[in-house]
Amino acid sequence: MSGFFNRASVVALALVAGCLPGPVAVAAGPLRVGEAILEPVDLATLPGFPGPDPVASLDAFRRTCAAPPVEIASTVAGSAEDLAAACSRAASVEPQEAGAFFTRNFDAYRIVRPGEVGGPPRRTGFLTGYFEPELTGALVAGPGFTTPALARPDDLVSLAPGETKPGLDPALRAARATGTGFEPYPDRASIEAGGIGERARPLLYLRDPVDLFVLQVQGSGRVRLPDGRAVRVLYDGRNGRPYTSVAKLIVQAGHLPLEGLTLARWTGWLRAHPALAKPLMQANASYIFFRLAEVEDAGLGPPGAAGVPLTPGRSLAVDSTLWRYGTPFWLEGRIAGEDAPGRLVVAADTGSAIVGPARGDLYLGTGEAAGIAAGNLRDAVGFVVLLPKPRMAPVP
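Numbered according to the numbering used here, the sequence shown spans residues 8 to 403.
In structure tokens:
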């Protein structure tokens, strides 16, 4: 255990005690976030750091810095004040100094989790990819466009991180407001059966239930209308029910093998077997509601949970109960078979399936090619978190 803290010093202890609230703890030992130990590491020893294009990482960091405040869990690691100070310094950094900015302003910690009983600690986590699907649809129902994407109902109450309501299961992340209090919001099967009545207001119509399901799994998308215009369909809340992976259910039922399972393959199977597809999709009780927006910058993605447009290849979805938006991470490993030994990314989003200190979902862009890349990204990589140096610490 002591080997995880081979750089312990008075400065490091001060950093923990004063700047890492929530799940980070120091009890005469190493830094911790949740189940993980944070092992100090010198950025200069990380192969490839800060990557071949640190300017893109700096741009993503600045973009997240500019986000309006969003409600976050009290358990997140890192000091908001120290991160804000790093954001201020980032504003004046010249492109050629992008890599040096991260080295000068952040301390790095490898995220190390306990191993199996009697086994070595785990120094890798799990990285997947997600994307913005590009679908076809129409603003009114008609031949070929029959599946509605629904607007947020007016009786849906989203719960803030850590918030609960009397009489509700604490695991639920939303509720239905009634005349006498709150109750669980209907699940997917109930909503699709008309369980929210006239509150089910269509924003637009997609080709089929599988397109809607893909849109809900990814959380947002672009929809091409019959007149050629494109609109963004953005996340605007969910029913708070737990998420279940339908791809995993398809494999467990023996319909498709796990090896070689891609988004295109399992969604193709759903379309080819509609009678089997409906109950499988409804086994995922989670249901997403949307709002419409213009496509302002075709090169950027939709806004993530941090409130700013996602940067392809640089924006990372993390467990928002553990990590603060704007926190940089160095992903150790050859991601999706690329030659670079790592990538510098920034926490800017979250997802119901992204749980734990060494779990991430990398945003990869819009459209079919991004979808293929996202479907293929299932890599064991090392996670190194970059926490801002305390404001009182001198920056070289």
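Note that beta-carbon positions come from the ideal geometry of N, C-alpha and C, so glycine has one too.
These numbers come from a predicted model, not from an experiment.
The beta carbon of Asp194 is closer than 6 angstroms to those of Arg248, Ala292 in its chain, skipping five residues each way along the sequence.
Burial is judged here by how many other beta carbons sit within 10 angstroms of a residue's own beta carbon; Leu211 has at least 16 and is buried.
Three or more beta-carbon pairs separated by less than 8 angstroms are not found between the region 383-392 and the region 88-95, which leaves the two stretches without contact. If you draw a 10 Å sphere on the C-beta of Arg236, you find fewer than 16 other C-beta atoms in it, and that means exposed. Taken through DSSP and simplified to helix, strand or coil, Ala360 comes out as coil.
Counting C-beta pairs with one atom in each stretch, the region 352-371 and the region 318-333 have three or more that are closer than 8 angstroms, which means they touch. Under the three-state reduction of DSSP output, Leu166 falls in the coil class, being neither helix nor strand. Under the three-state reduction of DSSP, Glu139 is assigned to strand.
Positions of the beta strand (DSSP E) runs, each at least 3 residues long and wholly inside the region 64-123, are given as 113-119 in order along the chain. In this structure, Pro395 lies near Phe113, with their beta-carbon atoms less than 8 angstroms apart. Contact holds between the region 151-170 and the region 212-228, because three or more Cβ pairs, one in each stretch, are under 8 angstroms apart. Leaving aside the five residues that flank Ala312 on each side, the residues in its chain whose CB is nearer than 6 angstroms to its CB run, in chain order, Asp356, Thr357. Around the CB of Ala305, fewer than 16 other CB atoms lie within 10 Å, so the residue is classed as exposed.
The three-state secondary structure of Phe56, taken from DSSP, is coil. About 43 angstroms separates the Cβ atoms of Arg331 and Val147, ruling out a contact at the 8 angstroms cut-off. Taking the Cα of Gly186 as reference, the smallest distance to any Cα among Ala63, Asp162, Glu205 is reached at Asp162.
Between the region 252-262 and the region 280-291 there are three or more inter-stretch CB-CB distances shorter than 8 angstroms, so the stretches are counted as touching.
For Pro59, the closest of Arg70, Gly314, Pro102 by C-alpha to C-alpha distance is Pro102. Taking each of Pro316, Gly372, Gly169, Ile295 in turn and checking the Cα distance to Thr71, the smallest one comes out for Pro316.
Within its own chain, the residues whose Cβ lies closer than 6 angstroms to the Cβ of Arg298, once the five positions on either side in sequence are excluded, are Leu241, Asp243, listed in chain order. Cα atoms of Asp234 and Ser227: separation of roughly 21 angstroms, rounded to the nearest angstrom. In chain order, Phe152, Leu211, Tyr212, Leu232, Pro233 place their CB closer than 7 angstroms to the CB of Ala145, counting only its own chain and leaving out the 5 sequence neighbours on each side.
Spanning the alpha carbons of Ile203 and Ser197 requires a straight line of approximately 8 angstroms. In the displayed model, Ala284 falls within a helix according to three-state DSSP. Listed in chain order, the non-local C-beta contacts of Thr110 below 6 angstroms within the same chain comprise Leu50, local neighbours out to five positions each way being set aside. Under DSSP, the beta-bridge partners assigned to Ser322 are Val353.
With the rule of 3 Cβ pairs closer than 8 angstroms, the region 273-283 does not count as touching the region 324-341. In the structure shown, Glu205 adopts helical secondary structure according to DSSP, grouped into three states. Look at Glu190 here: in three-state DSSP terms it is strand.
In this structure, Ile295 is the residue among Val40, Thr143, Ile295 with its C-alpha nearest to the C-alpha of Pro160.
Residue pairing by DSSP places Ile44 opposite Arg39, Val119 in a beta bridge.
If you draw a straight line from the Cα of Phe138 to the Cα of Ala381, it comes to about 6 angstroms. The criterion of a C-beta distance shorter than 8 angstroms is not satisfied by Gly344 and Leu270. Leaving aside the five residues that flank Val62 on each side, the residues in its chain whose CB is nearer than 7 angstroms to its CB run, in chain order, Pro102, Ala105. Residue state for Asp386 is assigned as strand, using DSSP reduced to three classes. Under the DSSP assignment, Arg195 falls outside any beta strand (DSSP E), being part of the alpha helix (DSSP H) whose first and last residues are 195-199.
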